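Residue numbers (the working numbering): 1009 to 1394.
Below is one structure, written out as structure tokens; the observations come after it.
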Amino acid sequence: MKLFEITDDAAFNEAEAFCVSREAEDNADYSDKLEAVRAIVDDVRIRGDAAVTEYTERFEKISLQPSQFEITKDDMAKAMAEADQELVAALERAHDNIRRFHEKNVLQSWEETSEDGTMMGQRVTPLDSAGVFVPGATAFYPSSALMNLVPAKAAGVKEIIMVSPPTYNGTIHPLALAAARIGGATRIFRVSGTAGIAALAYGTETIPRVVKITGPGSAYVTLAKRLISNVCAIDKEAGPSDVVVIVDDHADPKLAAIELMSQAEHNADSPTTLIALSREKVEEVQMAIEGLLPTLSRADYIRQSLDGYGAAFVVRSLDEAVRLTDIIAPEHLAIQVDVPMKIFDKVRNAGAIMIGANTPVAVSDYYAGPNHILPTGAAGRAFLRR
């Protein structure tokens, strides 16, 4: 992790410049990949299922005919039998939490009549259809299935189509399929990511066209969503997952280390930030990371992320920690200080805020109810907060 010790305003400006440069790198336009993605999207638009078949075989090394794209009832029954039943039960509880949370956010229609008899209002109706992309390359994400499907279901969308790469023995991981069933997917297709996004946007002989596409993915999936956004609504362009962890001298370094690594393991380009009041605390957290790394299966990803995109800032006060956090505008903010509410009340720019060391990001991301599909790359400055 790159270390910044902020001892004066000039040092703060240097730290801010680093954050802005890292943000710019996160938000790169991926021009080297754009034309390749454009070719795939155009090919799927023109040739439909035949193109989807070719790209699924090329990128996922799985040969599927269009008749095999869709997950059947027998496929689902097999997946439910293979899935760990304790984890399925946990997904069901998470579903209930997510549903309750998102039902509170559903917009309501309204109308009013003024004194002169003029009537006006707003009619809110659900989309006719939605497409949900669930990643499945280096890991499987049943939580992403729930976080995409449940809000659509809560909003009243009747047709919810899920696509995910067939990277688990030629199909989708059983837990991701279990989550899809619990979350309310009406149809599920196993096809390559970029081709799947194009198929949802334009429709093929087998995969229906949808009104809106949601879900995070690789740079290629993000670019595909960008290219089709003129014909199909999208949620947003998701960047690498990121976190800021604020600690004071009372913080447990192991808990801070766990929060940093739980985001770093997402990918080698996931930005992680530690903000502390002393260099000693930074060193304690780094020692905790070194002690835990050998026990983790995704240690290589964590190491690459921390070395390439990690930063530690020693600030002069907690107010300065808040000021720096608002510049970074993190996707996730973990506040591990003695009186966390003092920080919470001052922070303006963050996607999800975890208050106190006993509120891990993972609980919010997977179970508590708030959505883990959040603004990345400092986009939190322009989204609703808290």
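Quick reminder that beta carbons are idealized off the backbone N, C-alpha and C, glycines included.
These numbers were taken from a predicted model, which means no experiment stands behind them.
At the C-beta level, residue 1218 and residue 1172 stay beyond 8 angstroms of one another.
A Cβ-Cβ contact shorter than 8 angstroms links residue 1061 with residue 1073. Annotated three-state conformation of residue 1276 is coil, per DSSP. A residue is called buried when at least 16 other Cβ atoms come within 10 angstroms of its Cβ; residue 1144 meets this threshold and is buried. The beta carbon of residue 1107 sits closer than 7 angstroms to those of 1158, 1162, all from its chain and outside the five residues before and after it, given in chain order. Residue 1190 carries a helical assignment under DSSP once its states are collapsed to helix, strand and coil.
With fewer than 16 other Cβ atoms from the protein chains shown falling within 10 Å of its own Cβ, residue 1021 counts as exposed. Around the Cβ of residue 1327, a 10 Å sphere holds fewer than 16 other Cβ atoms; the residue is exposed. When the beta-carbon positions are compared, residue 1224 and residue 1152 come within less than 8 angstroms of each other. Just so you know, the alpha carbons of residue 1215 and residue 1029 end up roughly 40 angstroms apart. Taking residue 1010 as reference, the option from 1371, 1316, 1169 with the minimal CA-CA separation is 1316.
Contact between residue 1179 and residue 1083 is confirmed by a C-beta separation of about 7 angstroms, below the 8 angstroms threshold.
In the DSSP secondary-structure assignment, residue 1137 is bridged to 1167.
Looking only at 1305, 1299, 1306, 1248, the smallest Cα-Cα distance to residue 1280 is reached by 1248. Spanning the alpha carbons of residue 1150 and residue 1114 requires a straight line of approximately 23 angstroms.
Residue 1011 carries a strand assignment under DSSP once its states are collapsed to helix, strand and coil. If you compare the alpha carbons of 1134, 1156, 1210 with that of residue 1378, the shortest gap goes to 1156. Cβ neighbours of residue 1333 within its own chain (closer than 8 angstroms, five residues either side excluded): 1252, 1254, 1283, 1341, 1355, 1357, 1358. For residue 1261, same chain residues with a beta-carbon under 6 angstroms away, outside a window of 5 residues either side, are 1292, 1293, 1296 in chain order. Counting the other Cβ atoms within 10 Å of the Cβ of residue 1385 gives 16 or more, which makes it buried. With a cutoff of 8 angstroms on beta-carbon distance, residue 1168 and residue 1206 are scored as not near each other. Taking C-beta atoms under 8 angstroms as the contact rule, residue 1057 and residue 1213 qualify, at a distance of about 5 angstroms. The three-state secondary structure of residue 1340, taken from DSSP, is strand. The distance from the Cβ of residue 1232 to that of residue 1045 is about 5 angstroms, consistent with a contact at the 8 angstroms cut-off. Within the same chain, Cβ atoms closer than 7 angstroms to the Cβ of residue 1323 are found at 1014, 1283, 1285, 1329, 1332, the five residues on either side in sequence being excluded. The beta strand (DSSP E) runs lying completely inside the region 1194-1245 and spanning 3 residues or more are 1195-1198, 1220-1222, given in chain order.
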